[in-house]
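What follows is one structure encoded as structure tokens, with my remarks underneath.
What follows is the structure, encoded as structure tokens:
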């Protein structure tokens, strides 16, 4: 037996981008008044959210680059003994930094394509 209620849809909050019901008048996460927003305000909030995400991943890629370069410079200038603890630490820093940087940059490209 079907209920007489209308089906509830899940939407993204325009301010915090978390999932909420379309029946909510206010986002339970960030308390944004969802029903009182005009289309222009919605577009502006979505643009600001996208910019915040891009900035977050720019910061991630910068930190990843610092980690990679730190491992590389320590490896190059300190010359750790092969297969020592320092050697593994510098190698791991370079590998993690490199992969983290590449993933962050790919995510940034995807975010820019979504415009």
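Residue numbers (UniProt numbering): 1 to 115.
Don't be surprised by glycine CBs; every beta carbon is placed ideally from N, CA and C.
This one's a predicted model, so the numbers in the text were calculated from it and none came from an experiment.
#1: Where does residue 106 sit, in a helix, a strand or coil, going by DSSP?
#2: Please tell me whether residue 65 and residue 96 are closer than 8 Å, where the distance is taken between their beta carbons.
#3: Residue 15 by DSSP, collapsed to three states: which one?
#4: Starting from residue 61, follow the alpha helix (DSSP H) in both directions and report where the run begins and ends.
#5: Below 8 Å, can you find three or more Cβ-Cβ pairs linking the segment 39-52 to the segment 14-24?
#6: Roughly how many angstroms lie between the CA atoms of residue 105 and residue 10, to the nearest whole one?
#7: Would residue 111 and residue 58 qualify as a contact pair, given that the criterion is a beta-carbon distance under 8 Å?
#8: Run the CB neighbour count on residue 20, radius 10 Å, all protein chains shown included, and call it buried at 16 or more, exposed below.
#9: Within a Cβ cutoff of 6 Å, which residues of the same chain sit near residue 151, ignoring the five residues on either side of it in sequence?
Quick answer:
#1: helix
#2: no
#3: coil
#4: 39-78
#5: yes
#6: 30 Å
#7: Not in contact: residue 111 and residue 58 (Cβ atoms no closer than 8 Å).
#8: buried
#9: A question about residue 151 goes unanswered here, because the residues of the chain that appear run from 1 up to 115.
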